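>
2 protein chains.
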Amino acid sequence: MTTNPSPLALSNQLCFAFYSVSHAFSRAYRQFLDPLGLTYPQYVVLLVLWEQDELTVKEIGDRLFLDSGTLTPLLKRLESAGHIRRARDRKDERQVRISLTETGRALREKAEEIPKEVGCVLGLPMDELRALTEQVAKLRGRLHDSASLSAKS
Amino acid sequence: MTTNPSPLALSNQLCFAFYSVSHAFSRAYRQFLDPLGLTYPQYVVLLVLWEQDELTVKEIGDRLFLDSGTLTPLLKRLESAGHIRRARDRKDERQVRISLTETGRALREKAEEIPKEVGCVLGLPMDELRALTEQVAKLRGRLHDSASLSAKS
DNA sequence: TCTATATAGATTGTACGCAATTGAATTGTA
DNA sequence: TACAATTCAATTGCGTACAATCTATATAGA
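Protein chains in written order, with this note's numbering: chain A, 111 to 263; chain X, 111 to 263.
(1) Please work out which residues of its chain come closer than 7 Å, Cβ to Cβ, to Asn-122(X), disregarding the five sequence neighbours upstream and downstream, and give them in chain order.
(2) Go ahead and pull the three-state DSSP assignment for Leu-146(X).
(3) Can you look up Thr-211(A) in the DSSP assignment and give me helix, strand or coil?
(4) Here's the rule I'm using: 16 or more other beta-carbon atoms within 10 Å means buried, otherwise exposed. How should Cys-230(X) be labelled?
(5) Does any CB atom of chain X fall closer than 7 Å to the CB of Gly-179(A)?
(6) Give a yes or no on whether the C-beta atoms belonging to Pro-225(X) and Ala-119(A) are separated by under 7 Å.
(7) With a threshold of 16 other CB atoms inside 10 Å of the CB of Gly-171(X), please say whether the residue is buried or exposed.
(8) So which residues of chain X does Asp-226(A) contact, with C-beta pairs closer than 8 Å?
(9) Under 7 Å, do Arg-198(A) and Thr-166(A) count as touching if we go by C-beta distance?
(10) Is it a yes or a no for the segment 207-223 of chain A touching the segment 178-198 of chain A, going by three-plus beta-carbon pairs under 8 Å?
(11) Find out if the Cβ-Cβ distance for the pair Val-246(A), Val-228(X) is shorter than 7 Å.
(12) Between which two residues does the beta strand (DSSP E) harbouring Arg-195(X) extend?
(13) Taking only beta carbons into account, state which residues of the segment 170-196 of chain X come closer than 8 Å to chain A, listed in chain order.
(14) Any idea what DSSP makes of Leu-176(A), helix, strand or coil?
(15) Is any beta-carbon of chain X found at less than 7 Å from that of Val-214(A)?
(16) Quick check: what's the CA-CA separation for Phe-142(A) versus Lys-220(X)?
(17) According to DSSP, simplified to helix, strand and coil, what is Leu-165(A)?
(18) In the DSSP assignment, what residue or residues form a beta bridge with Val-206(A)?
(19) State the start and end residues of the unbroken alpha helix (DSSP H) segment that holds Gly-233(X).
(20) Among residues of its own chain, excluding the 5 on either side of Leu-181(A), which ones have a beta-carbon nearer than 7 Å to its beta-carbon?
(21) Determine which residues of the segment 136-163 of chain A have a Cβ less than 8 Å from any Cβ of chain X, and write them out in chain order.
(22) Within the same chain, show all residues whose beta-carbon is closer than 7 Å to that of Thr-113(X), passing over the 5 residues directly before and after it, in chain order.
(23) Could you tell me which chain X residues have their CB closer than 9 Å to the CB of Arg-240(A), listed as they occur along the chain?
(24) Do you know how far the Cα of His-254(A) is from the Cα of Leu-146(X)?
(25) Give the DSSP-derived three-state secondary structure of Ala-119(X) in the structure shown.
(26) What number of angstroms, rounded off, separates the C-alpha of Leu-215(X) from the C-alpha of Ala-191(X)?
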């Protein structure tokens, strides 16, 4: 599609570029995550928990833009793999608080090498990487804003 | 994650940015695709067929970086919705050739407005959009190359 | 020609994503 | 205090993604 000469609208091109690069990234991470028995979404959840433990499902969802329909089964898999624990919050029984197990915390060291390995493939200088990340995050923000606007009507 | 002050590796940041923006795009398109009864991947397949009809499943997969495991059921849904036909190629019975129906071709007009509507939300000048698209496509290329390298070993 | 290999697509099984709904717990308000 | 509205997580149902496997067909070499 990207090499197609016909006048396809640019936003289509950009959307497809993100759609396909995100799958390509997921495949690139897979070769490193498979040995750890993790999928990319599971890895991202662990990244969040390694930064801050004892988050609720909602708090994880807010950081990752995912809802309980996605997270509940994913977290159950991380739990049965022994990486996390799920427990109702005593103060507010509606919430489920997620905590890392020893195993889950230990996994961090093995996972630490992954972004470096993937980074090599990209072949972009640090500052370009940073600029690109910011630009993409800004776009995501605009899309979210417009979505919440149209949801209000 | 993007606002986290800790030294998370940049490639993780970039990967997550793509992961989340691609979902955000998919949601943005959904509000326009829902009335047409299409999902985003189905829409992309139709985009390809509107450019060039009578492609095989493999040719569609090459353009979209998808395999038959994804495409076969998706194409069956497009077929039962009346947008396409699937038929074995006479010359090579292994191949299945996909052709648009009248309905499928007619859908193009309705779909033509979508990228414009989404484009408004992005708020980026044309040339920046184009540059960003190219940069992302280049990254995807590198990821694919490294994937095929590591698959050879 | 006969057979080994390669290729195209379908199938199976697992894991997301997400809309819509449900049920339980909490909060706001009269 | 009652009770309606809200919030949180779980569940259900559908549609991707994709690895692994299978079947049918085509092609290349001996």
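A virtual CB, placed ideally from N, CA and C, is assigned to each residue, including glycine.
Values in this document were obtained by computation on a predicted structure and should not be read as measured data.
Inspection of the coordinates gives the following:
(1) none
(2) helix
(3) coil
(4) exposed
(5) no
(6) yes
(7) buried
(8) The sequence given here has Lys at residue 226(A), not Asp. Per Cβ cutoff of 8 Å: Ala-119 and Ser-121.
(9) Judged by beta-carbon spacing, Thr-166(A) lies beyond the 7 Å limit of Arg-198(A), meaning their Cβ atoms are not closer than that value.
(10) Because the criterion of three Cβ pairs below 8 Å is met, the segment 207-223 of chain A and the segment 178-198 of chain A touch.
(11) no
(12) 194-198
(13) Arg-173, Leu-174 and Phe-175
(14) coil
(15) The sequence as given places Gly at residue 214(A); Val does not occur at that position. Not one chain X Cβ lies under 7 Å of Gly-214(A).
(16) 43 Å
(17) strand
(18) Arg-198(A)
(19) From DSSP, Gly-233(X) is part of no alpha helix (DSSP H); its letter is neither H nor E.
(20) Val-167, Ile-170 and Gly-171
(21) Ser-136, Arg-137, Ala-138, Tyr-139, Gln-141, Tyr-150, Val-154, Leu-157, Val-158 and Glu-161
(22) In this prediction, Thr-113(X) scores a pLDDT of 40, lower than 50, which makes its location untrustworthy; the coordinate-derived value is nonetheless stated afterwards. None.
(23) Leu-120, Gln-123 and Leu-124
(24) 22 Å
(25) Residue state, collapsed to three classes: coil.
(26) Inspection of the sequence shows that residue 215(X) is occupied by Arg rather than by Leu. Roughly 13 Å between the two C-alpha positions.
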